[in-house]
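Numbering (the UniProt record's numbering), first residue to last: 1 to 326. From the three backbone atoms N, C-alpha and C, an ideal C-beta is built for every residue, glycine too. Since the structure is predicted, the reported quantities are computational estimates derived from the model, not experimental observations. Here the structure is laid out as structure tokens; the discussion comes afterwards.
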Amino acid sequence: MLGGVETVIITPRSFQAQKEPGPAIIHFHGGGWIMGNTDTTMMLLLQAAEETGFVVMSPEYRLAPEHPFPAPYDDCMNSTISFMKSSKRFNVDPKKIILSGDSAGGNLAMAVYIGLIEMQASDPTVELPAMQTLLYPILQTLNFMTPSYEQSREFMFNNNLLPKFWLAYIGLNDQLELADVVARNSHVDKSDVELIEKWNLVSPNLIPDKYKRGDDVVYEDTLNGDVRKLMKQMILNTKISPLLASNEIISKIKKTLVLVCEYDPLRDDGILLVERIKSLGGSAELHHLPTSLHAASHIGASMPGSYYYQENKIFFKSLKDAIFNV
1 MLGGVETVII TPRSFQAQKE PGPAIIHFHG GGWIMGNTDT TMMLLLQAAE
51 ETGFVVMSPE YRLAPEHPFP APYDDCMNST ISFMKSSKRF NVDPKKIILS
101 GDSAGGNLAM AVYIGLIEMQ ASDPTVELPA MQTLLYPILQ TLNFMTPSYE
151 QSREFMFNNN LLPKFWLAYI GLNDQLELAD VVARNSHVDK SDVELIEKWN
201 LVSPNLIPDK YKRGDDVVYE DTLNGDVRKL MKQMILNTKI SPLLASNEII
251 SKIKKTLVLV CEYDPLRDDG ILLVERIKSL GGSAELHHLP TSLHAASHIG
301 ASMPGSYYYQ ENKIFFKSLK DAIFNV
């Protein structure tokens, strides 16, 4: 248990044999905030440990809809803080801890990083992770019609599945019929100055032309006032939409490594993050798999010798190289 949360910790034999403290990866599993566990991502965790030689920790955080936001985030934050504070126990160098996650887990990883940055503002003793590594993450819930959503909606997440995941996460599991409204971006009030200001952070205009397929569109619909108010609060909450954090916060992320898949609605979230960090003078690297669907890294970890397995090796090598050059 770390921070009151059940966790899995993998320590490679090579790490056990070394005397000096080494790096560690804290990985949050994906599953749309509503499903998945460390078992479903175990092969990826094992490959991460094997390829890097680092300790890997992964928490069994609570899931929506039974435990909506902020419960999953709180579990990830609490287990992270506990692990960082007890790093000596695991022979881990506290200055070489990596926050990682896939899909919704990538969302949680960046949200936790942002949370730690905010904590450090009032408590300088708070240590920040050395970097974040995000695999096909969902990073914003403002624009569900980015070019990658328009191109790949039917490849993996049909029937508006991603909006349904988000609704369940924010406590609206009893109103999943609103998924159609969200999928058309009709949860966004075009007259709301705060939302439109943030829209500029997720506009397709920020995506390099080679990735573009769709148009920048907001549809008109009528939503219940209370529901729209709740949605606005959740959209603007950077623990749910970390990509919408301020430039001041984003610029404090030390290093970022992102993997995206071409045929994945979430592709552009990762691209937008990398482009933004670079525009702020930060360190960010993008790995783009041009023929892959969402969850390609999980496929690779389960198929040694495959194309996806080799891509995982390349990604983990980049992670390993980056952590020793922080």
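Can you find the residues in the same chain that come closer than 6 Å, C-beta to C-beta, to MET234, ignoring five residues on each side of it along the sequence? ILE170 and ILE240, listed in sequence order.
Three-state secondary structure (DSSP) of GLY22: strand
Do HIS287 and PHE315 have their C-beta atoms within less than 8 Å of each other? yes
If you draw a straight line from the C-alpha of VAL260 to the C-alpha of ILE271, how long is it? 8 Å
Can you round the beta-carbon distance between LEU134 and VAL258 to whole angstroms, since I take them to be within the 8 Å contact cut? 5 Å
Starting from ALA284 and walking both ways along the beta strand (DSSP E), at which residues does that stretch end? 283-293
Beta-carbon separation (whole angstroms), ILE114 vs THR238, contact threshold 8 Å: 5 Å
Where the beta strand (DSSP E) through ILE97 begins and ends: 92-102
Candidates LEU172, SER203 and LEU108: closest to residue 358 by CA position: Given that the chain is displayed from residue 1 to residue 326, the structure contains no residue 358 and the question cannot be resolved.
Taking 8 Å as the cut-off, decide whether the C-beta atoms of TYR61 and SER152 are in contact. no
Length at least 3, wholly inside the UniProt domain "Alpha/beta hydrolase fold-3" (25-175): the beta strand (DSSP E) runs in chain order: 55-59, 92-102 and 131-135
Are the CB atoms of HIS29 and THR11 within a distance shorter than 8 Å? Not in contact: THR11 and HIS29 (Cβ atoms no closer than 8 Å).
Going along the chain, which residues of its own chain have a beta-carbon closer than 8 Å to the beta-carbon of THR291, five neighbours each way excluded? GLU262 and TYR263
Can you tell me whether ASN200 is buried or exposed? The criterion is at least 16 other CB atoms within 10 Å of its CB, across all chains shown. exposed
Could you name the residues of the same chain whose beta carbon sits closer than 6 Å to that of VAL8, not counting the 5 residues immediately before and after it, in chain order? THR38 and SER58
Cβ separation of PRO265 and MET110, assumed to be a contact under 8 Å, to the nearest whole Å: Not quite, the Cβ-Cβ distance comes to about 18 Å (not below 8 Å), so this is no contact.
Got a sec? Which residues, its chain only, sit under 7 Å from PRO21 by beta carbon, not counting five neighbours each side? ASN91, VAL92 and ASP93
Run through DSSP, which three-state label would ILE9 get? strand
Measure the alpha-carbon distance for LYS19 versus LYS313 and round it to whole angstroms. 26 Å
Nearest to HIS298 (by Cα), restricted to the options PRO23, LEU45 and ALA17: For the residues PRO23, LEU45 and ALA17, the minimum Cα distance to HIS298 belongs to LEU45.
With a threshold of 16 other CB atoms inside 10 Å of the CB of ASP55, please say whether the residue is buried or exposed. Position check: residue 55 holds Val in this sequence, whereas Asp was assumed. It counts as buried.
Considering just the uninterrupted stretch of the beta strand (DSSP E) at LEU259, what are its terminal residues? 255-263
Residue closest to GLY3, alpha-carbon to alpha-carbon, out of SER79, ALA121, ASP74 and GLU177: SER79
What are the residues that DSSP puts in a beta bridge with LEU2? VAL5
State the Cα-Cα distance for the pair PRO208 and ALA71, rounded to the nearest angstrom. One C-alpha to the other measures close to 36 Å.
What distance in whole Å lies between the Cβ atoms of GLN140 and ASP269, which are believed to be in contact at a cut-off of 8 Å? 6 Å
What three-state label does DSSP hand SER14 in the structure shown? helix
Classification of THR146 by the beta-carbon crowding that lies within 10 angstroms, buried from 16 upward: buried
For the ligand ZN, any of its heavy atoms closer than 7 Å to the Cβ of LEU293? As presented, the structure is devoid of all ligands, the ligand ZN included, so that no description of it is given.
For ILE97 and ILE26, the rounded distance between their alpha carbons: Between the alpha carbons of ILE26 and ILE97 lies a distance of about 7 Å.
GLY300 versus GLU50: straight-line alpha-carbon distance, rounded: If I take the Cα positions, the gap works out to 14 Å.
In whole angstroms, what separates the C-alpha of ARG13 from that of LYS229? 52 Å
Should GLY281 go down as buried or exposed, given a rule of 16 or more other Cβ atoms within 10 Å for buried? exposed
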